[in-house]
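Just so you know, the sequences run in chain order A and B.
Residue numbers for the first sequence follow numbering that gives the first Met the number 0, so the first one is 0 and each next one is one higher.
Residue numbers for the second sequence follow numbering that gives the first Met the number 0, so the first one is 0 and each next one is one higher.
Scroll down for the structure; my scribbles are underneath it.
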Amino acid sequence: MNAPMESFEQRWTSSPEGFRVPYEVFTDRAYYDKEQEKIFRGETWSFVGLEAELPNKGDFKATAIGDTPVIVTRDQVGQIRVFKNRCAHRGALLVREPRGNVKSFDCVYHQWSFDLTGALRGVPMRRGVRGQGGMPPEFDMANFGLDALRVESLNGVIFASFSSTVEPLLDYLGEEVVDTIQRIFNRPIRIMGDQRQYVHGNWKLYAENTRDPYHGSLLHLFHNTFGLYRATQAGVSHMDASKRHSILKVVATATPASESENKEVYKDVRSYNTDFHLQDPSILAGRKEFDDGSTLIINAIFPNLLLQQIANTLAVRQSVTYAPDAFEIVWTLFGYADDDEEMQMIRMKQSNLIGPAGLISMEDGEAVEIVQEAVVRDGKKTSLLAMGGGRAENVEHMITEAPIIGFWENYCRYLGITQVRVA
Amino acid sequence: MSPVSEALSSTSTTDKAAKALLPLDDFTWNSWSAMETQWRVERLLSRYVACIDEDDLENWPEFFTLDTCRYEIITRENVERGMPLALMFCTSRGMLVDRIVSLREANIYPQRWYRHIISNVLIQSVDAECLQVQSNYVVLQTRRNGQTDIFSAGKYLDRIVLSKGELKFSEKRVVVDTHRVDTLLVAPI
Numbered sequence: 000m001n002a003p004m005e006s007f008e009q010r011w012t013s014s015p016e017g018f019r020v021p022y023e024v025f026t027d028r029a030y031y032d033k034e035q036e037k038i039f040r041g042e043t044w045s046f047v048g049l050e051a052e053l054p055n056k057g058d059f060k061a062t063a064i065g066d067t068p069v070i071v072t073r074d075q076v077g078q079i080r081v082f083k084n085r086c087a088h089r090g091a092l093l094v095r096e097p098r099g100n101v102k103s104f105d106c107v108y109h110q111w112s113f114d115l116t117g118a119l120r121g122v123p124m125r126r127g128v129r130g131q132g133g134m135p136p137e138f139d140m141a142n143f144g145l146d147a148l149r150v151e152s153l154n155g156v157i158f159a160s161f162s163s164t165v166e167p168l169l170d171y172l173g174e175e176v177v178d179t180i181q182r183i184f185n186r187p188i189r190i191m192g193d194q195r196q197y198v199h200g201n202w203k204l205y206a207e208n209t210r211d212p213y214h215g216s217l218l219h220l221f222h223n224t225f226g227l228y229r230a231t232q233a234g235v236s237h238m239d240a241s242k243r244h245s246i247l248k249v250v251a252t253a254t255p256a257s258e259s260e261n262k263e264v265y266k267d268v269r270s271y272n273t274d275f276h277l278q279d280p281s282i283l284a285g286r287k288e289f290d291d292g293s294t295l296i297i298n299a300i301f302p303n304l305l306l307q308q309i310a311n312t313l314a315v316r317q318s319v320t321y322a323p324d325a326f327e328i329v330w331t332l333f334g335y336a337d338d339d340e341e342m343q344m345i346r347m348k349q350s351n352l353i354g355p356a357g358l359i360s361m362e363d364g365e366a367v368e369i370v371q372e373a374v375v376r377d378g379k380k381t382s383l384l385a386m387g388g389g390r391a392e393n394v395e396h397m398i399t400e401a402p403i404i405g406f407w408e409n410y411c412r413y414l415g416i417t418q419v420r421v422a
Numbered sequence: 000m001s002p003v004s005e006a007l008s009s010t011s012t013t014d015k016a017a018k019a020l021l022p023l024d025d026f027t028w029n030s031w032s033a034m035e036t037q038w039r040v041e042r043l044l045s046r047y048v049a050c051i052d053e054d055d056l057e058n059w060p061e062f063f064t065l066d067t068c069r070y071e072i073i074t075r076e077n078v079e080r081g082m083p084l085a086l087m088f089c090t091s092r093g094m095l096v097d098r099i100v101s102l103r104e105a106n107i108y109p110q111r112w113y114r115h116i117i118s119n120v121l122i123q124s125v126d127a128e129c130l131q132v133q134s135n136y137v138v139l140q141t142r143r144n145g146q147t148d149i150f151s152a153g154k155y156l157d158r159i160v161l162s163k164g165e166l167k168f169s170e171k172r173v174v175v176d177t178h179r180v181d182t183l184l185v186a187p188i
């Protein structure tokens with residue numbers, strides 16, 4: 000680990016070729032700590048769960064924002080609440096199970112008890128035992144509730160914030176992201192389950208990866224290998240007005256690329272091979288379920304969420320950070336409550352495509368780790384973001400790294416990093 | 000239950016068998032004694048993991064029945080929540096083959112070695128068509144730098160049938176305790 004920076008004054012200089020990101024941002028503990036303060040616990044909204052995970056009063060789940068443990072629960076009147084997962088007494092983890100249902104949150108250490116609104120309701124031996132012990136007269140239970148976060152939901156997607164001043168959720172997300180959430184969460188969902196992926200790398204490498212339409216057909220070769228890729232499928236690479244979120248969208252095109260066009264586009268690519276065919280193509284069988292014809296939407300929501308529709312796989316991916324070189328991706332896949340059995344089976348089969356064992360997604364973990372391994376030193380050296388012109392601009396294609404630049408410009412804004420662009 | 004809803008259910012027949020009373024130690028199956036059946040089942044499991052550990056994955060689908068079979072790797076976390084989502088979910092021999100072709104030709108992943116350790120092989124129920132067998136497994140994973148870690152621990156819940164004189168899996172459910180996958184999962188368990 001590098002020595003902590005005494006004052007966090009950073010200056011990033013980009014070159015005429017494109018946006019430059021110093022590698023130390025992926026390895027230095029000072030950046031990591033600053034991110035916890037200024038991003039995860041700062042002026043942002045973080046994803047914490049889906050209301051469908053907490054259908055009943057008293058249901059809870061334990062998760063984390065950045066690396067701060069939090070509890071998400073549904074209280075006695077049905078309201079979603081989020082607290083730091085920490086007893087107000089001596090700081091013990093209050094909830095030690097990943098999920099469950101309770102009437103109150105009781106710390107195992109000294110059995111301090113909090114109701115579902117976070118208020119302290121019980122302190123054993125508060126008045127002492129047979130005149131011995133007891134809390135001092137100044138002790139006021141009202142001062143020792145759980146630390147509550149701000150909570151807002153959009154169509155059952157729960158976000159929480161440590162900030163009392165961050166803008167309302169809808170303003171934070173912006174119109175196009177709100178539309179994307181409302182499009183996918185257009186009716187009650189049914190959770191299919193979770194997949195968890197531990198990656199030995201920095202969480203921002205995954206934030207880059209999920210804002211990177213350029214890598215899709217080059218790293219993930221499942222479709223190419225089985226002769227299923229369409230090189231010229233129509234797509235867009237958009238950001239919200241603030242450019243911290245991104246929306247990558249593919250629309251099934253009316254004029255698929257010809258074989259010769261595919262061959263031309265992929266002539267420099269290590270694998271463009273149509274000799275293989277799926278023995279059981281039912282893995283890709285699906286149904287059109289959105290009127291707009293989009294077959295793929297990758298919506299990265301700053302700082303910790305990715306919302307996806309890939310064919311009929313619907314999922315949220317939450318990033319939980321552990322250290323500069325470790326984070327976890329929690330994949331939660333879902334369908335709709337009104338899916339018939341055939342549709343449920345379609346989603347189960349297509350789930351083979353995504354997640355840590357996903358035929359078209361497993362490579363992302365590897366992509367993160369090979370960068371992490373290579374940048375362990377040379378922190379002032381930089382990566383280059385130039386494809387598509389090197390500026391954070393919305394484009395109506397996928398051959399760009401612009402949304403990654405949008406991420407970094409916001410990152411610099413949150414952390415107070417000065418950006419200089421040399422003309 | 001319809002076949003589809005049965006397939007979607009996270010508690011399959013093998014789970015139910017696991018909870019059922021254990022059969023007597025003595026039985027006869029296809030003219031084999033209990034001891035001989037146990038020996039043949041253990042040989043099947045040993046050959047199965049050797050196929051994976053020796054990177055002979057092209058032959059891995061051969062361990063499954065041809066007509067219908069089911070192979071899935073599902074986390075204990077999802078099973079206990081009654082949720083169907085698996086890490087791998089294959090419902091035909093063709094899907095098994097496609098997994099291996101994808102691994103060989105398409106997917107990008109670091110070179111790693113698996114080493115399976117199997118124990119506690121327990122035949123749980125016996126009927127005319129099949130055996131329900133539970134066993135524990137551990138997969139050790141060795142990275143390029145020589146470091147070995149426990150990659151996955153869990154249990155196999157197998158439904159084994161006799162097909163043309165050979166034991167085959169008609170269903171293999173790998174229930175994974177290690178629900179947090181270390182980076183990625185490309186090879187079968």
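Where is the CB? At the ideal position from N, CA and C, for every residue including glycine.
- About 6 Å separates the beta carbons of isoleucine 188 of chain A and alanine 336 of chain A, which is inside the 8 Å limit, making them a contact pair.
- Residue-level contact check: phenylalanine 221 of chain A touches chain B, since one or more beta carbons of chain B fall below 9 Å from its beta carbon.
- Annotation for arginine 420 of chain A: the continuous beta strand (DSSP E) segment containing it runs 417-420.
- For histidine 115 of chain B, none of the residues of chain A pass the 9 Å Cβ criterion, the least Cβ distance being about 17 Å.
- Pairing leucine 119 of chain A with methionine 140 of chain A gives a Cβ-Cβ distance under 9 Å.
- Assigned with DSSP and collapsed to three states, tryptophan 31 of chain B falls in strand.
- For isoleucine 359 of chain A, the secondary structure class from DSSP, reduced to helix, strand or coil, is coil.
- Threonine 62 of chain A is not a Cβ neighbour of phenylalanine 104 of chain A, given a cutoff of 9 Å.
- Apart from sequence neighbours up to five positions away, no residue of its chain approaches lysine 163 of chain B with a beta-carbon distance below 6 Å.
- Of the residues A:Ser112, A:Gly117, A:Ile180, the one whose Cα lies closest to the Cα of aspartate 74 of chain A is A:Gly117.
- The alpha-carbon of threonine 294 of chain A is positioned some 25 Å away from that of leucine 95 of chain B.
- Nearest Cα to valine 48 of chain B within the set B:Phe88, B:Leu139, B:Arg75: B:Leu139.
- In the structure shown, leucine 305 of chain A adopts extended strand secondary structure according to DSSP, grouped into three states.
- The alpha-carbon separation between arginine 376 of chain A and glutamate 368 of chain A amounts to approximately 14 Å.
- Exclusion of the five residues before and after isoleucine 353 of chain A leaves Gln307, Ile309, Thr312, Ala314, Trp330, Leu332, Ile359, Ser360 as the residues of its chain whose Cβ lies within less than 8 Å of its Cβ.
- Per DSSP, serine 162 of chain A has no beta bridge partner at all.
- Along the stretch 58-70 of chain B, there is no position whose C-beta sits under 8 Å from a C-beta of chain A.
- About 14 Å separates the CB atoms of glycine 405 of chain A and glycine 17 of chain A; that is not less than 8 Å, and the two are not in contact.
- Counting only runs that start and end inside the stretch 39-122 of chain B, the beta strand (DSSP E) elements of at least 3 residues fall at 69-74, 87-89.
- Within 7 Å of the CB of glutamine 418 of chain A, no CB atom of chain B is found; the nearest one sits about 32 Å away.
- At a cut-off of 9 Å between C-beta atoms, glycine 48 of chain A does not count as an interface residue with respect to chain B.
- C-alpha of tryptophan 28 of chain B to C-alpha of aspartate 157 of chain B: approximately 16 Å in a straight line.
- Residue pairing by DSSP places tyrosine 155 of chain B opposite B:Ser134, B:Val173 in a beta bridge.
- Restricting attention to B:Tyr70, B:Arg172, B:Ile51, B:Asn144, the CA atom closest to the CA of glycine 93 of chain B is found in B:Tyr70.
- Measuring C-alpha to C-alpha distances from aspartate 324 of chain A to each of A:Asp291, A:Glu372, A:Gln317, A:Asp146 identifies A:Glu372 as the nearest.
- Secondary structure note for glycine 192 of chain A: its beta strand (DSSP E) is the uninterrupted segment 188-198.
- Under the Cβ distance rule, serine 216 of chain A does not count among the residues neighbouring chain B, no pair being separated by less than 9 Å.
- Under DSSP, glycine 17 of chain A forms a beta bridge with A:Ser14.
- When DSSP assignments are scanned along the stretch 319-399 of chain A, the uninterrupted stretches of alpha helix (DSSP H) that are 4 or more residues long and fall wholly within it turn out to be 340-349, 362-373.
- Exposed is the label assigned to asparagine 144 of chain B, since fewer than 16 other Cβ atoms lie within 10 Å of its Cβ.
- DSSP, read as helix, strand or coil, puts phenylalanine 138 of chain A in coil.
- Residue pairing by DSSP puts cysteine 129 of chain B in a beta bridge opposite B:Val160.
- Exposure of aspartate 24 of chain B is indicated by the presence of fewer than 16 other C-beta atoms within 10 angstroms of its C-beta.
- Within the stretch 347-372 of chain A, contact with chain B at the beta-carbon level (separation under 7 Å) is assigned to Met347, Lys348, Ser350, Asn351, Gly354, Pro355, Ala356, Leu358, Met361, Glu362, Gly364, Glu365, Glu368.
- With contacts defined as CB atoms closer than 9 Å, glycine 144 of chain A and phenylalanine 184 of chain A fail to qualify as a contacting pair.
- Contact annotation: serine 162 of chain A and arginine 40 of chain A have beta-carbon atoms nearer than 9 Å.
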